[in-house]
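Number of protein chains: 2
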Amino acid sequence: MILKSQVEWALHCCAILAGLPEGRYLSTKALAEFHGVPKEYLSKALQSLSQAGLVHTTLGPSGGYRLAGTPAELTFLDIVEAVEGKARTFVCNNIRANNPCRPQGYCESGACAVARVMWEADEAWRDKLRSVRLSDLIDTLAKEIPAELWKSSFEWVLERAG
Amino acid sequence: MILKSQVEWALHCCAILAGLPEGRYLSTKALAEFHGVPKEYLSKALQSLSQAGLVHTTLGPSGGYRLAGTPAELTFLDIVEAVEGKARTFVCNNIRANNPCRPQGYCESGACAVARVMWEADEAWRDKLRSVRLSDLIDTLAKEIPAELWKSSFEWVLERAG
DNA sequence: CAAATAGGGATATCTATTATCCGTAATAAC
DNA sequence: GTTATTACGGATAATAGATATCCCTATTTG
Ligand code: SF4
Ligand code: SF4
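Chain order of the listed sequences is A and B. The first sequence begins at 1004 in the numbering used here and counts up by one. The second sequence begins at 1004 in the numbering used here and counts up by one.
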């Protein structure tokens, strides 16, 4: 059970977009080149972000993406769920229904204890992701990334931002 | 990103095995029939439990599986990890290494902030699973399952336990 | 010895992920 | 207006992983 690589891509892209000046847009092409991933496939991840309303887009030359809100309004969970979906990671196949001792017409009263525990764990995962904002990530990155690299990356992006 | 159905199967099988009297064993065949799942494939899940040391096995007629310890010593995490593996759900493809601005020979100092957050969320999921013991599940099931069904299932199992 | 079992290897099938390609509509620059 | 560039969506192919089956072996019970 492994998250799609698009999740990592989307998170990194949002981190880049967070540094974009007001009103500017960055294209799929630039984001793909910066991260060294296939443009067409990254495009699907960005479209997921767009459909979830996390980013705004414009068409045409100098078009591309920018965050829909401030980095403080965007959580890891928003981004992860936009790409990975909101479905729970444990699906109940209701195998108890095959129990040979089960009385005819016995109707389960909702999900059993097994499923509930698994879903609680799922929620714990989501709670953690919900508690970290994109702005928190930027703060950490700014501290950890060498100032020179941070600056040159920023300039690289600005050169290509429409 | 969805957990294997074997996870559900393994959890249910452990719940059944927890009710087994000391020294008795229950076969793959019986467990598969009880849950209505393919015997050969369920066998793989049970082998995973065996390899993880969670259950003991014996061969021959009247052979099968029993818990290696008490239900209180076994957590959800033990069972889930035995079947699903201990690998983290977020894998870092190190796409920052493709950054065109990255200085030659620049060596990353461990995983970046993105990966660390995702791994913390993964840990939160595992912490939750670690906090629930098999004995807790049995307690809940005993409360929720109709006494009659509980009893007949128990008898069904005992008839087939070696 | 005969029957039943766990275990493991090989293999097939199905599904989801990963990736590419192409056509369309919209937009900006010229 | 024309052209270049872009996001978007549909179709499709390639790959990997999950699901499932089959068969052989060693071991144990009776
Ligand atoms: S026992 Fe729980 S997890 Fe298993 S099939 Fe029933 S509801 Fe689903
Ligand atoms: S930035 Fe983090 S998640 Fe992304 S490639 Fe680097 S270490 Fe991995």
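Even for Gly, the Cβ is constructed at its ideal location relative to N, Cα and C. All values reported here derive from a predicted model rather than from experimental measurement.
* Asked: Hey, how far is the Cα of A999 of chain B from the Cα of A1021 of chain A?
  -> Outside the modelled stretch of chain B, which goes from 1004 to 1165, sits residue 999 of chain B, for which no answer is possible.
* To do: Would you please state the rounded distance, in angstroms, between the beta carbons of A1048 of chain A and K1042 of chain A? I believe it to be under 8 Å.
  => Actually they are not in contact, since the Cβ atoms of A1048 of chain A and K1042 of chain A sit about 11 Å apart, beyond 8 Å.
* Going by the C-beta, is H1173 of chain B closer than 7 Å to any heavy atom of ligand 1? -> Residue 1173 of chain B is absent from the structure shown; chain B starts at 1004 and stops at 1165.
* Asked: So which residues on chain B does V1135 of chain A lean against when the C-beta distance must stay under 7 Å?
  -> V1120
* To do: Give a yes or no on whether 8 Å exceeds the smallest Cβ distance from D1081 of chain A to chain B.
  => no
* Less than 7 Å between the CB of V1120 of chain B and some heavy atom of ligand 2, yes or no? -> no
* **Beta-carbon proximity list for S1157 of chain A, same chain, < 7 Å, skipping 5 on both sides** => At residue 1157 of chain A the sequence reads Phe, which differs from the Ser that was named. Here the set comprises G1022.
* Asked: Quick one: what's got a C-beta closer than 7 Å to K1007 of chain A's C-beta in the same chain, skipping five residues either side?
  -> V1086, E1087
* What runs of the alpha helix (DSSP H), each 4 residues or longer, lie entirely inside the region 1038-1088 of chain A? -> 1042-1054, 1079-1087
* Asked: Can a CB atom of chain B be found closer than 8 Å to the CB of S1046 of chain A?
  -> no
* Using a Cβ cut-off of 9 Å, pull out every chain B residue sitting near P1106 of chain A, in sequence order please. => P1149, E1151, L1152, S1155
* Under the three-state DSSP convention, the category L1006 of chain B falls into -> coil
* Out of curiosity, what's the CA-to-CA distance linking S1053 of chain B and L1080 of chain A? -> 36 Å
* Return the first residue and the last residue of the alpha helix (DSSP H) that R1129 of chain B is part of. => 1116-1133
* Going by CA-CA distance only, name the one from A:C1016, A:Y1028, A:Y1044, A:R1099 that's closest to L1014 of chain B. => A:R1099
* Leaving out the 5 sequence neighbours to the left and right, which residues in its chain are closer than 7 Å to C1095 of chain B when beta-carbon positions are compared? -> A1114, A1118
* Could you work out which residue in A:C1017, A:S1155, A:W1012, A:Q1009 is closest to D1139 of chain A when comparing CA atoms only? => A:C1017
* **Opposing strand residues paired with L1136 of chain B [DSSP bridges]** => The amino acid occupying residue 1136 of chain B in the given sequence is Arg; Leu does not appear at that position. DSSP, once it has assigned bridges, lists B:T1078 as partnering R1136 of chain B.
* Residues from the region 1007-1022 of chain B in contact with chain A, defined by Cβ distance under 9 Å -> K1007, S1008, V1010, E1011, W1012, L1014, H1015, A1018
* To do: Output, in chain order, the set of chain B residues within a Cβ distance shorter than 9 Å of A1164 of chain A.
  => Near A1164 of chain A there are no residues of chain B at all, since even the closest Cβ is about 15 Å away, more than 9 Å.
* To do: Would you tell me roughly how many angstroms separate the C-alpha atoms of G1066 of chain A and F1093 of chain B, rounded to the nearest one?
  => 31 Å
* Asked: For I1082 of chain A, which residues from the same chain have a beta carbon less than 8 Å from its beta carbon, with the 5 sequence-adjacent residues on both sides left out?
  -> V1010, A1013, L1014, C1017, L1052, L1057, L1137
* What residues match up with L1029 of chain B in a beta bridge as DSSP calls it? -> B:Y1068
* **Any C-beta of chain B under 8 Å from that of L984 of chain A** => Lying outside 1004 to 1165, the shown extent of chain A, residue 984 of chain A is not represented and no answer is given.
* Can you name the residues of chain B whose CB is closer than 7 Å to the CB of K1131 of chain A? -> E1123, A1124, A1127
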